[in-house]
Amino acid sequence: MQAINRAMEQLKIKQNLENAKNNSSKTQKSPPQKLREWLQKVEKELERFRSGLTGKMIGGIANLQKMASDHQCFQQQIESEGQLLLTEVKKHYNSRSFQENAERKNRSKRTVDLLEQRLLTSWLKSLENLERISTLLKNLQLLIFQRLVMHN
Numbered sequence: 033m034q035a036i037n038r039a040m041e042q043l044k045i046k047q048n049l050e051n052a053k054n055n056s057s058k059t060q061k062s063p064p065q066k067l068r069e070w071l072q073k074v075e076k077e078l079e080r081f082r083s084g085l086t087g088k089m090i091g092g093i094a095n096l097q098k099m100a101s102d103h104q105c106f107q108q109q110i111e112s113e114g115q116l117l118l119t120e121v122k123k124h125y126n127s128r129s130f131q132e133n134a135e136r137k138n139r140s141k142r143t144v145d146l147l148e149q150r151l152l153t154s155w156l157k158s159l160e161n162l163e164r165i166s167t168l169l170k171n172l173q174l175l176i177f178q179r180l181v182m183h184n
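All letters in the sequence shown, in the order written, are residues 33 to 184 by my numbering.
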């Protein structure tokens with residue numbers, strides 16, 4: 033079952049990368065603008081997911097395992113799509129850098145650094161969410177085990 037889930041995750045990531053490439057050819061947004069918009073969506077999704085973990089009762093083990101699988105896919109998507117978009121941003125600024133003055137180069141570098149920092153922060157938050165799910169899952173399994181031992 034895990035092998036099927038992983039294969040589906042990889043397929044979804046591949047499709048998302050292809051969609052990102054296709055969408056980039058259709059729109060005329062700059063690479064930094066694309067990355068900013070993508071990061072906003074990711075950050076909203078991470079916050080929604082995190083509030084869902086703390087704001088309501090979590091279901092059983094199967095539900096937590098599904099959440100872990102879904103969020104692992106999302107984390108891999110953040111990693112792969114984020115790196116692709118960040119690379120486009122760096123290429124965008126590097127291709128323009130020979131035409132820019134020193135002040136504009138510094139501003140471009142700061143923009144790239146800030147976008148890279150936001151990407152890394154989102155990636156770390158996704159890992160934190162995965163760890164949170166893992167902890168909830170372990171605690172639930174321990175609780176079930178303790179109840180089984182007490183009844184025997």
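The beta carbon of each residue, even a glycine, is placed where N, CA and C say it ideally should be.
Around the Cβ of residue i, are there at least 16 other Cβ atoms within 10 angstroms (buried) or fewer (exposed)?
i, result
"GLU135", "exposed"
"PHE106", "buried"
"VAL181", "exposed"
"ILE93", "exposed"
"SER140", "buried"
"LEU152", "exposed"
Go through its chain and collect everything with a Cβ distance to residue i's Cβ below 8 angstroms, but skip five positions before and after it.
i, result
"TRP155", "GLN107, ILE110, GLU111 and GLY114"
Start and end of the alpha helix (DSSP H) containing residue i?
i, result
"GLY114", "93 to 128"
"LYS61", "Looking at the DSSP string, LYS61 is not in any alpha helix (DSSP H), and its letter there is neither H nor E."
"ASN171", "134 to 183"
Who are the Cβ neighbours of residue i in its own chain at under 6 angstroms, not counting the five residues just before and after it?
i, result
"LEU67", "LEU117, VAL121 and LEU147"
Ignore the nearest five residues each way along the sequence and tell me which others in residue i's own chain have a CB closer than 7 angstroms to its CB.
i, result
"TYR125", "SER140 and VAL144"
Query - Stretch-stretch touch, CB-based, cutoff 8 angstroms, three pairs: the region 74 to 82 with the region 151 to 165 - result: yes
**Report entry** Inter-stretch contact (C-beta, 8 angstroms, three-pair minimum) for the region 143 to 152 and the region 97 to 106
**Finding:** In this structure the region 143 to 152 does not touch the region 97 to 106; the number of beta carbon pairs closer than 8 angstroms is below three.
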